[in-house]
Amino acid sequence: MKKRHSKVIICVTRYLRIQVENLGGCHPSQGILKLIIIIMSSLIFIRRLSKPSFITRSLRPLSTTGNVEIREFLRHPQRQTLNFHRIKNLPFPPQTHRFYSSDESSNDSSSASDAVLSEPATPQVTDLPAPQTIPEFLPVVPIIPVSRSPVFPKFVKILEVTEPKLMDLLRRKVKLNQPYVGIFVKKEDDSMRETIRSMDEVYHVGTFGQIMELQDLGERLRMVLMAHRRIKIMGPHNEDPEVTDQILCVDTINMEAEPFETNDEVKALTQEVIKTIRDIIALNPLYRESLQQMLSIGQRVVDNPIYLSDLGAALTGGGGETYELQEVMEELNIPKRLSLTLGLLKKEYELSKLQQKIGKEVEEKVKSVQRKYMLQEQLKVIRKELGMEKDDAESIEEKYTARMADMTIPTAIKDFNVTRNYLDWLTTIPWGISSEENLDIEKARSILEMDHYGLDDVKKRILEFIAVSQLKGSCQGKIICFIWSSWFGGLSDVAELKGHRRTYVGAMPGKAVQALKKTKTENPVLLIDEIDKMDHYMDVPVDLSKVLFICTANTIDTIPEPLRDRMEMIDVSGYVAEEKVVIANKYLIPQMLEVSGLQENDISITDAGLNKLIKSYCRESGVRNLRKCLEKVYRKAAYLKPVYSHDKMYDVTPSGVCMGLAWTSHGGSTLYIETVEQKTSSKEDGKQGGIEFTGNLGDVMKESIRISYTCAKNILSKLDAENKFLLENHVHLHVPEGATPKDGPSAGCTITTAILSLAMNKPVAENLAMTGEISLRGKILPVGGIKEKVIAAKRSGVTSVLLPGDNRKDFEDLPEVVKDGINVHFVNIYDDVNRYLSTIYAVSSGFGKCGVSIVRVSGPNASLSLKMLSPMAAKSLRNPRKAVFTPIQNPYSSDLLDRGLVLWFPSPNSFTGEDCVEYHVHGSVAVLRELIRLFGSFDDHKHAEAGEFTKRAFTNGKLDLTKVDGLADLIHAETEEQRKQAIRQMEGGLYSLYQSWTTKIINVLSQIEALIDFSESEHLDPNLENIIKTGISKLIHEILLHINDFRVGERIRNGVRVVIVGKPNVGKSSLLNLLLQRPAAITSPLPGTTRDLLQFQIDLGGYPVIITDTAGLRSDSHDPIENQENEEFTHDNVIDVYNKIDLAPTVYSVPKGTFPISVLHSKGINPLLESLTIKVQELCQSSGSSTSPSLTRMRYQTHCKKAVKFLEKAQTGDLENNTDVVAHYCRLAMREIESIVGKIDPELIFDVIFADFCIGK
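Take the sequence shown: its letter number 647 is residue 647 in the UniProt record's numbering, and every next letter is one higher.
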């Protein structure tokens, strides 16, 4: 008799296996028949759910009517003629209440069916090939992150997807008859991304869902998802190797509920849940009908505790917190799940009670106010009817009518028109009438972009003002003041604000009151041009608190202080030449064509012509004069001499002259400082060692000259103690163009440089300009007008500019068109200025005999050495970054030194950000020595210090400190893993990580500022304090994980220490020699041959390993240091090795986990090396991201720990009463993070960082 199989396994898809058990000893074919029937019943229900009428926001369970229909189908004599009908026949109709919705908050305003009907595009409904049954287990599913609320089993969610890669994956899955997804809740509700990059972004327990209907709308997919069961994420699954920045699929397992008995506890919880739901129905009539319909299904629903717990949690989806709903999703113990659901329902019930109470109180209050008002009005009418009270207006009218009854009134009264005009104005002012404020940010942005080109900072500031007003709900009582240079154009003039007394002939109300009459609203926008010219305050007899005033001014100095304090200042810096060209082509020229009546083919102006017009005639900040000049051009009257000449006064700057940068009301300009030695007849005339200055200077600039002169004397004594020029000679300082008044402190750095250039007889490079205030101690202080000054420098042909370090942020905010083509150096003290005034040189490839050596020159006078050493290669100044093979000669004797390659790198596109030249010559010691000697003979050339090239690259913004450290590690890297870690750091891995932390702290600070400024606003999130604390907590956790990686980064950078420990004469030194593949230690048959502690580094699997031989240490030593080191060798990471197995008997045994080897015969070495490699890899395994470099410097760890300390203080701070203190600790934490990359006080750590560099690297 054949043995009958008890199970049949049918493979349906690649992942799905349906298991059919042969129950009750029936024939296997009967079991298959049951399977077919189950599949058919599931198919019936799937077809029902896939009907278009099922597209609704209602959350409903799988209907039990499907089972009824299956039973009817089994009893029907003609089962194959079963008719399918729509879902509309279900006992509970679709609802749109939020208690049923698991949609995201953005879709709560309308039902999904309405959204489909109103879709302008014609959707393409995909016919889903219905699978035979829902798979019991699917190990890999696409992941769909949702916000706010989880989708519980047996409930539906409508979702739209716009992420292209996720859309392609879903289309492919549906096409392969695998319409299944995993639905998981995002931890961050504010995240708008539809895919995840890390598994930490979602909760790991969700539901296995089926795509019931898919509508392909081109740029997005609309899906109807039905959740079936709980699943848990085990890890990411990468189906597409090309997709590395997103996680699209995950490995999952099913989450089954724990078995339970329907005991008294479960029954009590079930009844309490049902009672609470009915209580909610009683309080909230909006949900009464739909909830009663769902509960009226009968015992089949309410007697199922598993479904009932999910139903209750889904009902509170709108009011419950995400983590509370997720607790219900993750709980597998049904009684506990019911208890959690009951708690959520109780909270919902209390919320409904509170809403009902508030509604009743408001209703009663309104009724009371209305009743009181009606009674008062009735009382007034009664008193008036009884003659007990009269209106003031009626009393006055009766009084004057009675007086004039017996009088003869003149027919002509001269003040009649004045009085009538006054009454007319009083009755036309819109008392109490306000218009609706338009605070649409997108509309404002489109208007600004449509009518104005450039001025991105100003547009951003205006949009920020609108955003703040939107949060507050109004912009009443605000005064905006635009500060710009004159000639800006495009605005209207407003004359008088106050109006005149009515006694004056022809008196009229002020412009403010006229604006109220014209706009017919009491909250208009009122423009006041050039308010800095006013010398009195507005005094109007009407309420202007709702008016939004927009004022303009050329300078803020002459605006009265009380008025300036009440204004929102917006600095309009002006347009650059490139922006003016675009404005002319896009706006002005079409207007000129229309005004002049010309056609496009009659006249054309090229961009080159516009540039010439702008630079020679229209150098103001705005475009008003450009419009006038274009009008002249179109009237054929442009044959005039340019208004402005070239700014550059010197083609070659002599000693004692330096180019500065100034800001004027017309924009920026260059400002030369000239100094000369003033010859005197005798040394006793009292003029020795002093300074005289001319040039129509203001008091501030005169004071700045005195400070600069004192500072220059101190600096000169440090640079050259033998130089007594400033102590023995009189200096005359002049600022050219004496007819133009000049004032301000920003020329201090330029004045000091000019004085030192005269005293040391060293000219300043002609292509270098600078600005900055200087203190007596040589500190370079920040100045204003950075944009205008940089534009002036570019216009004058300057390639290098020195700016104060504190102005770095101002420069970085400039448009790229302004920053391109100019090399900016940031200086904090005058020693930095001296550094950039000099040109450095060094042998970059090392000094010694070799085939080719490289000499690098960097600095403002780098082109000078190129012109002197190789006149032929000087032509490469027009073709940068191209190698030129040329002779290199002595400029003094014309002797040929060598022939080699010369490369020219103009600033800022070089490694250091300065002008740079590289000489590739033969590696002869004699050639290199002569080249170095010649460089030293050139003006302002000096030999570079260790790491000075890299230091200049850092200060010029080419590298941050983490990249500098990465570069140093790469130079010293000896193994593959050291190289990889250094490359990750040098490519900005750590910089990006620290910048992300800074961004998060800035976001927290912005939320704190919102809490300070809008604490009473109804638009403020009531949970903002919790959001701030949660954000700080997550950041602390992230930084602590990074700190824990310090040992890993340190091991990779410095090497993993491996110590060989054993008794005397067991072969420790022989094993060391075998690992090193060379005789590093002396070995002999005598014990104790090695007398010293030997250490060597090897490359083991790409990791640096430091092998230490302890043969020189003795356990019986009386030296306490040796005894301490012997104790430290006892550690968990121990590999037991048995050496000299060649001396062992034929049959021997060793303990498990030990390695028998023979160093003499090299036996068993490979397994030992493999085990050692695995141990080393485990020690160097990072706990963080594999793409980000680990912590490698103690300095990083110190700053990170300080940042955590400050963030912990901020987290525990009182946000309600001490908000400023919390913000202060957040700023201190951000300061610590920014210190790592060198944004704050980098001078404190320069010497340590650059000490590891070779000369010229």
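Don't be surprised by glycine CBs; every beta carbon is placed ideally from N, CA and C. All values reported here derive from a predicted model rather than from experimental measurement.
Per the C-alpha coordinates, the member of F1155, V1134, N1133, I1135 positioned closest to I1141 is F1155. Counting only the Cα atoms, I231 lies some 31 Å from R278. Just measuring C-alpha positions, the residue of G667, Y672, I691 sitting nearest Q678 is I691. Around E930, the same chain offers L897 as residues with beta carbons nearer than 7 Å, after the five sequence neighbours per side are excluded. Boundaries of the beta strand (DSSP E) around H237: 221 to 237. Within the region 648 to 681, there are no complete alpha helix (DSSP H) runs of at least 4 residues. Non-local beta-carbon contacts of K713 in its own chain, meaning distances under 6 Å to residues more than five positions away in sequence, involve L726 in chain order.
In this structure L1011 touches L1024 by the C-beta definition: roughly 6 Å separates them, less than 8 Å. Residue environment: L776 is assigned as exposed (fewer than 16 neighbouring CB atoms within 10 Å of its CB, all protein chains considered).
Between L345 and G312, the beta carbon gap of about 5 Å places them in contact (Cβ cut-off 8 Å). Take I983, set aside five residues on each side of it, and the residues of its chain with a beta-carbon closer than 8 Å to its own are G966, L970, in chain order. Ranked by how close their Cα comes to the Cα of K186, the residues V174, L1094, V1056, Y203 have Y203 in first place. The bridge partners DSSP lists for H730 are Q678.
Sorting A1229, T839, N861 by C-alpha distance to the C-alpha of W997 places A1229 at the top.
In the structure shown, the three-state DSSP call for E1009 is helix.
The Cβ atoms of P763 and P654 sit closer than 8 Å to each other. Around the C-beta of N438, fewer than 16 other C-beta atoms lie within 10 Å, and the residue is accordingly described as exposed. Nearest C-alpha to F949 among F938, S937, L934, A968: A968. Of the candidates V205, V151, G218, the residue whose Cα lies closest to the Cα of E163 is G218. With respect to I1032, Q1177 sits apart: the two C-beta atoms are not nearer than 8 Å. Per DSSP, T710 is one residue of the alpha helix (DSSP H) stretching across 699 to 719. Taking C-beta atoms as the reference points, N333 and E258 count as a pair closer than 8 Å. Annotation: the continuous beta strand (DSSP E) that includes F184 extends over 180 to 185. In the structure shown, M199 adopts helical secondary structure according to DSSP, grouped into three states. Here the alpha carbon of R229 sits roughly 5 Å from the alpha carbon of T207. In the assembly as shown, G778 is a buried residue. Its beta-carbon has 16 or more other beta-carbons within 10 Å. Here DSSP, grouped into helix, strand and coil, assigns K1163 to strand. Every alpha helix (DSSP H) of 4 residues or more that sits fully in the region 798 to 879 is shown, in chain order, as 808 to 812, 816 to 819, 830 to 837, 862 to 869. Following the DSSP letters along the chain, one finds A973 in no beta strand (DSSP E), marked with neither H nor E. For the pair of segments examined, the region 845 to 860 was found to touch the region 905 to 915: the number of CB pairs separated by less than 8 Å reaches three. Under the criterion of beta carbons closer than 8 Å, T1108 and R1057 qualify as touching, at roughly 6 Å.
Between T322 and V273, the C-beta spacing is not below 8 Å.
Apart from sequence neighbours up to five positions away, the residues of its chain that approach S309 with a beta-carbon distance below 8 Å are V273, V328, I334, R337, L338, L340, T341, ordered along the chain. The alpha-carbon of G698 is positioned some 10 Å away from that of S704. Boundaries of the alpha helix (DSSP H) harbouring G609: 607 to 617, taken from the DSSP string.
Per the C-alpha coordinates, the member of C1226, F155, G1101 positioned closest to K1175 is G1101.
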